[in-house]
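Notes to accompany the following structure.
Residue numbers (our numbering): 227 to 513.
Below you can see the structure in the form of structure tokens.
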């Protein structure tokens, strides 16, 4: 169960950061709206851009994104059973991140509740190196481990590449308007969703892991509800919501997962240089 939990968290965190960057915050729940979209001036729905057009413009806008902030929550309920025995595990994660792309620097705070235990983690990736604080103690990541970690993060901060993975679902997305945002909603399932997950994850180091790819192949994705919002003027993403329901089986064990993930993006091109504070440099222990 631990192996599945770690693998799924890796996959989900990659998906969660897919639509990166915004110049304004946004809120809302993941829904599939079948009502025809009506603009404030009562223009016909045909006047709205198509999902394909929005994805193309978002990909182009993402290329101008030099930095951004992201906040997100992930709630998971995992049930693993073998025979008549079942084990349930709930995982709740909250994230706050500030990221610059070139050079790739990051500051992140994460709170995770797993198996009744809570853990607080802070991370820096900057020119001074990589540092992590776990439950109050700062540690400097060894140089020989930096390259692998950096490769994983680098793959997660390229929205102009990762957003392309969702183009295959464009025909199933409905476009509407909410204030100053265009919103794309879709409900997906089946093998097509597997291919999308693999495309998204291929942008990160973990997505090339044979074990991870094998796990994706074993998934029976019952349903995925997606909701993406972009600013009407900038075409930069403002939110990304996902509700996923899947099952899988391995070695006689069956697992079901229901996951609800919500992300909002802000401070696009407003983040200054990310530096490791001197007190962290002074107190960090070397692994």
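Don't be surprised by glycine CBs; every beta carbon is placed ideally from N, CA and C.
So if DSSP puts residue i in a beta bridge, which residue, or which two residues, is it bridged to?
i           : result
residue 454 : 410, 466
residue 366 : 357, 512
residue 489 : 298, 466
residue 402 : 409
residue 338 : 319, 345
residue 480 : 307, 475
residue 394 : Paired residues: none, contrary to the question.
residue 352 : 355
residue 494 : Its beta-bridge partners do not exist; DSSP assigns none.
residue 461 : Looking at the DSSP assignment, residue 461 forms no beta bridge with any residue, so it has no partner.
residue 447 : 472
residue 376 : Residue 376 is not bridged to any residue.
residue 332 : 325, 351
Taking residue i as the reference, give the member of the options with the closest Cα.
i           : options            : result
residue 360 : 316, 345, 329      : 345
residue 393 : 347, 454, 368      : 454
residue 462 : 275, 284, 440      : 284
residue 509 : 365, 324, 442      : 365
residue 322 : 330, 334, 329, 314 : 334
residue 489 : 500, 479, 297      : 297
residue 295 : 507, 446, 500      : 500
residue 456 : 443, 492, 472      : 492
residue 406 : 326, 464, 363, 281 : 464
residue 460 : 494, 444, 353, 505 : 494
residue 504 : 408, 326, 276, 354 : 354
residue 372 : 330, 395, 476, 347 : 330
residue 401 : 458, 306, 497      : 458
residue 332 : 476, 369, 472, 358 : 358
residue 498 : 477, 281, 324      : 324
residue 476 : 343, 437, 496      : 437
residue 478 : 307, 282, 281      : 307
residue 293 : 496, 414, 305, 369 : 496
residue 507 : 363, 466, 273, 398 : 363
residue 328 : 289, 347, 408      : 289
residue 450 : 443, 440, 466, 472 : 472
residue 413 : 273, 439, 398      : 398
residue 342 : 348, 314, 309, 326 : 314
residue 480 : 502, 415, 441, 487 : 441
residue 415 : 448, 439, 444      : 448
residue 411 : 466, 502, 487      : 466
Terminal residues of the continuous beta strand (DSSP E) containing residue i?
i           : result
residue 321 : 311-326
residue 305 : 293-308
Contact check, residue i vs residue j under 8 Å by CB: the rounded distance?
i           : j           : result
residue 303 : residue 316 : 5 Å
residue 485 : residue 300 : 7 Å
residue 452 : residue 468 : 6 Å
residue 367 : residue 338 : Contact doesn't hold; Cβ gap of about 19 Å is too wide.
residue 474 : residue 446 : 6 Å
residue 340 : residue 356 : Contact doesn't hold; Cβ gap of about 23 Å is too wide.
residue 396 : residue 286 : Not really, about 15 Å apart at Cβ, beyond 8 Å.
So the alpha helix (DSSP H) residue i belongs to, where does it begin and stop?
i           : result
residue 281 : 277-288
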